[in-house]
Amino acid sequence: MVREWDPRTASSAEIASLLDTLNAVLAADLPQDPPWRESSLREYLAEVMPGERRISWIAQEDPDVDGSPGAILGQVHVLLLGNIGVLEVLVHPSVRRSGLGRDLVLRAARRVYQEGFESIGVEVVGDTPAVAFYESLGFTREYVETRSVLDLAGVDWAELAEMSTGVGAGYRVQFHPGGPPDELIDAYARAKAEVRDIEDGELRPSSYDPQRLRDSLDCLHRRGMKPYIVLALHEQTGEVAGLTEVVVPAQHPTRADQYDTIVVQDHRGYGIDRAIKARMLLELRSAEPQLTEVQTWNAQANEAMLKVNAELGYRTDRDWCEYSVDVAELVHRLDATR
Ligand SMILES: CC(C)(COP(=O)(O)OP(=O)(O)OC[C@H]1O[C@@H](n2cnc3c(N)ncnc32)[C@H](O)[C@@H]1OP(=O)(O)O)[C@@H](O)C(=O)NCCC(=O)NCCS
């Protein structure tokens, strides 16, 4: 049975069952990824940025004879933001290829259509069944990034310490667990605004407006995801010349996610990129001792960033693609094949 589902009011048994399915999916599709934990999973699923909405449905087995609720074998949610619905679907490996994935997408697509949104976007992990699935539904590939993973056990910490100090004169490198301090929010947002054009078209818009940045940091904290920031301050102007962001999610605290790394155009060529990334790893080593890996996503065209990542010891993992589809066409196509 498929029904709309609200993680805020769901029972603990449902949250636990969804976690089992998520981990079965990871074991089947991404066996190198750490399994997720229940810690803050409800908040991860429920919390959104101001002005955004996430709507979810689950596919649940019938209740047992003793009345206990059946397992959750599939889930779809759609995040409504701007003029796009961002979709995520999960189907337990034991019930795949029976049409459940398609059914779940249809549920979400109908709602996105009714709400007046034009397109649906989705992140699709390369070399998994999701690629053939979304292509069979008419989604087209918009953008490809490569995921890379750094195994902290292989890091040469002495070399990293040296890299972290190799920044040109006139810059001060600072570490800020939890997010940038309030007095630097405006300068921080200005640095992020620099890459706004490049990031247009991505599913997760960067926070280049100070209030949006505050909201986004607040949202991360509410979802159980702890942000860490290292920035390079240009001492003469007080401007943020470069920044790098890593998030440690309570749901998989052994593998952190690298978010943005930006060096503002005027400040390129002074070793800032290498220094701030190296400093971040050094800080994380003491701030998050359970951490064993960091993962990052980069466009293939971003050669400078890929070069720095390779020097730090990142190994290329797999492609991570963004697909999209026109909602009206998708609903029409899925209704026609039922
Ligand atoms: C992608 C996914 C949702 C598909 O679910 P599903 O219930 O198996 O999909 P359906 O049965 O509705 O398949 C619909 C169509 O998609 C295509 N398809 C689905 N899986 C496929 C596969 N493994 N190989 C080729 N085509 C496939 C087929 O055309 C299929 O139609 P058919 O079975 O009539 O040939 C499921 O594999 C899944 O949960 N993957 C993980 C998704 C994810 O987000 N992962 C992120 C963390 S790893």
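Residues in the sequence shown are numbered consecutively from 309, following the numbering used here.
Idealized CB from N, CA, C, for every residue including glycine.
If you're wondering where the values come from, they're calculated on a predicted model, not measured in any experiment.
Per DSSP, the beta-bridge partners of Thr454 are Asn606 and Asp627. Assigned with DSSP and collapsed to three states, Gln482 falls in strand.
The Cβ atoms of Arg350 and Ile323 lie closer than 7 Å to each other. Between Ile380 and Ser325, the CB-CB gap stays under 7 Å.
Contact check between the stretch 608-625 and the stretch 390-402: fewer than three CB pairs, one atom from each, fall below 8 Å, which does not count as touching. Fully enclosed beta strand (DSSP E) runs of no fewer than 3 residues occupy 533-542, 547-557 and 563-571 of the stretch 513-584, in order along the chain. A contact between stretches requires three or more CB pairs, one per stretch, nearer than 8 Å, and the stretch 537-550 meets this requirement with the stretch 576-584. Around the beta carbon of Gly424, fewer than 16 other beta carbons lie within 10 angstroms, which makes this residue exposed. When only Cα atoms are considered, Tyr631 and Ala416 end up about 16 Å apart. Val602 is not a Cβ neighbour of Ala558, given a cutoff of 7 Å. Assigned with DSSP and collapsed to three states, Gln368 falls in strand. Taking the C-beta atoms as reference points, Asp625 is found no nearer than 7 Å to Arg449. For Gly429, the enclosing beta strand (DSSP E) begins and ends at Ser427 to Val433.
About 5 Å separates the CB atoms of Thr600 and Thr562; that is less than 8 Å, so the two are in contact. Residue state for Asp374 is assigned as coil, using DSSP reduced to three classes. The Cβ-Cβ distance between Met309 and Cys527 does not fall below 7 Å.
With contact defined as three or more Cβ pairs closer than 8 Å, the stretch 544-557 and the stretch 484-500 are in contact. Distance from the CA of Arg623 to the CA of Leu614, rounded to the nearest whole angstrom, comes to 10 Å. In this structure, the CA atom of Trp344 is about 43 Å from the CA atom of Ala477. The beta-carbon distance between Leu395 and Val384, rounded to whole angstroms, is 7 Å. This is short enough to meet the 8 Å contact definition. The beta carbons of Asp370 and Gly378 sit closer together than 7 Å. When Gly434, Pro535, Leu620 and Tyr496 are compared, the shortest CA-CA separation from Ile570 is found for Tyr496. Gly382 has Ala367 and Val399 as its beta-bridge partners, per DSSP. In the three-state scheme derived from DSSP, where H, G and I count as helix and E and B as strand, Asp634 is classed as strand. Measuring C-alpha to C-alpha distances from Tyr421 to each of Val572, Val633, Leu468 and Thr645 identifies Val633 as the nearest. Cβ contact annotation for Gln573 (same chain, cutoff 7 Å, sequence separation greater than five): Glu502, in chain order. With contact defined as three or more Cβ pairs closer than 8 Å, the stretch 587-596 and the stretch 433-440 are not in contact.
Taking the C-beta atoms as reference points, Gly621 is found nearer than 7 Å to Leu458. Ranked by Cα distance from Glu431, the options Ala618, Asp643, Gln519 and Trp628 are led by Trp628.
Excluding five sequence positions before and after Gly446, the CB atoms of its chain that fall closer than 8 Å to its own CB belong to Val633, Glu637, Leu638 and Arg641, given in chain order. Cβ contact annotation for Gly532 (same chain, cutoff 7 Å, sequence separation greater than five): Ser347, Ser348, Glu351, Tyr352, Pro557, Ala558 and Gln559, in chain order.
It is roughly 10 Å from the alpha-carbon of Ser376 to the alpha-carbon of Ala321. Relative to ligand 1, Leu338 has its C-beta within less than 6 Å of a heavy atom. Apart from sequence neighbours up to five positions away, the residues of its chain that approach Ser427 with a beta-carbon distance below 8 Å are Asn391, Ile392, Gly393, Ser632, Val633, Asp634 and Val635, ordered along the chain.
Annotation: the continuous beta strand (DSSP E) that includes Val310 extends over Val310 to Trp313. In terms of side-chain proximity, the C-beta atom of Ala367 is found no nearer than 6 Å to any non-hydrogen atom of ligand 1.
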